[in-house]
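Asks: Positions 5 to 119 (the working numbering) are the ones given, in order, by the sequence shown.
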Amino acid sequence: MTTPTIDRATYDTLAEATGAEFARELIDTFLQEAPVMLDDLRQALTSRDANRFRRAAHSLKSNANTFGALALGAMARTLEIDGAAMADDQKAQAVVALDEEYARVAMALSGMRDE
């Protein structure tokens with residue numbers, strides 16, 4: 005069984021707690037900010053700034069989990085916790101995979117936003 009891109013129960017809880025309109029605004033904000041976080045992660049990798057890398061991964065993890073993007077959150081959590089111990093090529097591969105998962109999440113959230 006594969007993990008869904010967005011855990012609908014998590015998203016529905018967010019929408020119930022904040023209201024559907026505000027949840028849509030949060031989606032818009034995430035779709036604008038997540039690419040910046042991913043870029044920050046790539047820049048931190050290039051400059052070998054472990055603290056910046058960890059912070060960017062943490063921010064992405066927290067934001068992803070808010071919407072129920074649990075696979076994206078788990079991938080970012082791995083980079084947050086294990087990133088310092090990973091070789092640069094391993095981190096680079098993980099960031100590429102994170103980019104790919106974010107693309108799936110962005111597509112799913114965009115569709116949910118328009119429901």
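C-beta atoms are modelled at their ideal positions from N, C-alpha and C, and glycine is treated no differently.
Would residue 102 and residue 35 be called neighbours here (beta carbons separated by less than 9 Å)?
Replies: No, the pair does not count as a contact, with Cβ atoms beyond the cut-off.
Asks: Can you name, in chain order, every residue of its own chain whose Cβ lies under 7 Å from the Cβ of residue 65, other than the five neighbours on each side?
Replies: For residue 65, where only same-chain residues beyond five positions count, the Cβ hits under 7 Å are 77, 80, 81 and 84.
Asks: Quick check on DSSP: helix, strand or coil for residue 8?
Replies: Coil.
Asks: Look at the Cβ atom of residue 73, then the Cβ atom of residue 9, and state whether they are nearer than 9 Å.
Replies: In this structure, residue 9 lies closer than 9 Å to residue 73 by Cβ.
Asks: In terms of residue numbering, what span does the alpha helix (DSSP H) encompassing residue 103 cover?
Replies: Note, residue 103: alpha helix (DSSP H), 92 to 117.
Asks: Mind checking which residues open and close the alpha helix (DSSP H) that includes residue 43?
Replies: Start and end: 24 to 51.
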